[in-house]
Each structure stands twice: as structure tokens, then as C-alpha cells.
Amino acid sequence: MRLTRLLSGFLFFVTMAVTSVQAQTESPARINWGPISPEPNNTMATKVVGLTPDGYYLLRQKVLQSPSVRPRAWVEFATKDLKVTRSEELDLKYKGKQRDFEDLIYYNGQLYLLTSFNNTAHKKNYLFLQEVSTRGLTASKSLKMIAETEARNKEVEGSFAVDISKDSTHLLVYHDLPFEKNNPARFGFHVFDQNFDLVWEKEVILPYPDNQFTVEEYRVDDQGNVFLLGVLYTDEA
0 MRLTRLLSGF LFFVTMAVTS VQAQTESPAR INWGPISPEP NNTMATKVVG
50 LTPDGYYLLR QKVLQSPSVR PRAWVEFATK DLKVTRSEEL DLKYKGKQRD
100 FEDLIYYNGQ LYLLTSFNNT AHKKNYLFLQ EVSTRGLTAS KSLKMIAETE
150 ARNKEVEGSF AVDISKDSTH LLVYHDLPFE KNNPARFGFH VFDQNFDLVW
200 EKEVILPYPD NQFTVEEYRV DDQGNVFLLG VLYTDEA
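In numbering that gives the first Met the number 0, the protein residues as written are 0 to 236.
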């Protein structure tokens, strides 16, 4: 993930809560403003990762001003009164090798770090999963490889994204494959259960050139079915 704009500012926390049944007809929500907190230089809060009865987890990332800058990411916890009480940087190195940050998710009450590593010798981009402690906010030393895609080199590699079903019984890992001019669009799906056991996987080759088809969105449902929304660009468009 690449963040290209420089941000130096402040972080606001806002919650909205329904106060009573009667209030729903007059004013359906109450806005609580948290404290204004200066953001660390060259970083920005990019995602609310998950909610708990005591607060919520946030993802903070370094703003990358060039591709050569080392990516950095932090997981933070904020209480219900909207104060950040803990912030820990996620270790993106493994056995001396730098990995790329992909995502931080909250799945069935557990935090998980997703990172990728481009193995230039095998021309593969691998996706790894790590548990992150919900208390200490530190990542486990144990990595599990859950998906892979083609990578001709560091600049031309497939990418990953995830989606979680509404009932949290299935997790989808989507990967696209490197662009090849005038060749069919290609991508793959890996669907896992709650224990990250693989339910099914499939690579799809569409009957359209890669430069004429764009994937807009993808979702996994409670039964593990995958739905994809795409756009086909025609000569007449």
C-alpha cells in the first residue's frame, strides 16, 4: 500500500450514539467529540480496524513520499472516551527481510496483520498472516503463508485485498495478476473459514483484454460464495 500525500495535522475522534427511543424521532443520534490530538509527523490514521466494548483499534501509517521509503505501520487503541491509550509499531521484518504492509483486520475478536513478500528468485508475491495481541498490540513471531500470486519483478507484481462475510464465518483473499497488454484479465480468489482453513480457491481468466476490464468490488457472503462487480470498457464507450 502506497500513501503519496504528505499530511501534517490533527486527528479528531467522533462517536454517535442513540440516547433513547423517544429521541430517535426528534434527534436520532448524539455526537461526542473527542480531544484534538496532534498526529506524529509524516503519519496518518488510515482505518478504524475494529470495535470492542471498551473502545476501538486504529491503524496508523507512514506517509510515503517516494517508493524507496521504508513502509511503517502502527496499531493503536482508543477508549470509549476517544483517547488513544496505546500505540505500537508493527514489525514488518522477518529474518532480516523487509515485507510490504497489506492490511490490518479485526476478525472474530482477534487482530491479524497481513503482509506480503516479493520472492524475486521464484517470481512470486506471497501473502502472510500473523496474529496481533489485542492487549500488547504486538505481532506474533509465527507467520502463515495463505496466498501467492505472480510477480515478474518488484515493480510488476500481483496485489492482494481481503473481505469478511457479514457473519464473520468466511474471509476472502482476492489477488490480481500482473497486467499483460492484450492478454485476458486474470485474478484469483481464496476463501477461508474462521480458523483460516482453506475452503476453496480458484483463478479466473476472463474473455476480455486486461486493459478493457476493471474490477470494481468483490464480496464474500455467509455461505462462502464470492460476488464480483466489474466494468468492461468497449470501443463504443
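Ideal Cβ positions, reconstructed from N, Cα and C, are used throughout, including at glycine.
Residue i versus the options, residue with shortest Cα-Cα distance
i, options, result
"G54", "D162, T42, L81", "L81"
"V203", "H189, F195, D196", "H189"
"G187", "F116, N181, L205, T84", "L205"
"N224", "M144, H169, E179, P183", "H169"
"R59", "D209, E149, E38", "E38"
"A146", "Y207, F226, W199, V214", "W199"
"T213", "T84, D102, T119, P183", "P183"
"T233", "Y217, T42, P208", "P208"
"I35", "L103, R29, V83", "V83"
"L136", "L103, P52, R218, Q222", "L103"
"K79", "P27, G33, P70, Q193", "G33"
CB contact flag (residue i, residue j, <8 Å)
i, j, result
"E130", "Y111", "yes"
"T161", "L231", "For the sequence presented, residue 161 should be read as Val rather than Thr. No, the Cβ-Cβ distance between V161 and L231 is not below 8 Å."
"L176", "R185", "yes"
"A72", "L57", "no"
"F195", "K143", "yes"
"K180", "N210", "yes"
"L63", "V74", "no"
"R98", "F76", "no"
"N107", "S167", "yes"
Beta-bridge pairing of residue i - partner residues as DSSP gives them
i, result
"Q129", "L112"
"F186", "D175, V203"
"S86", "E75"
- request: For the region 17 to 76, list the alpha helix (DSSP H) runs that are entirely contained and at least 4 residues long, ordered along the chain.
  value: 20 to 25
message: Across the region 81 to 93 and the region 117 to 125, are there enough close Cβ pairs to call them in contact, namely three or more that are closer than 8 Å?
response: no
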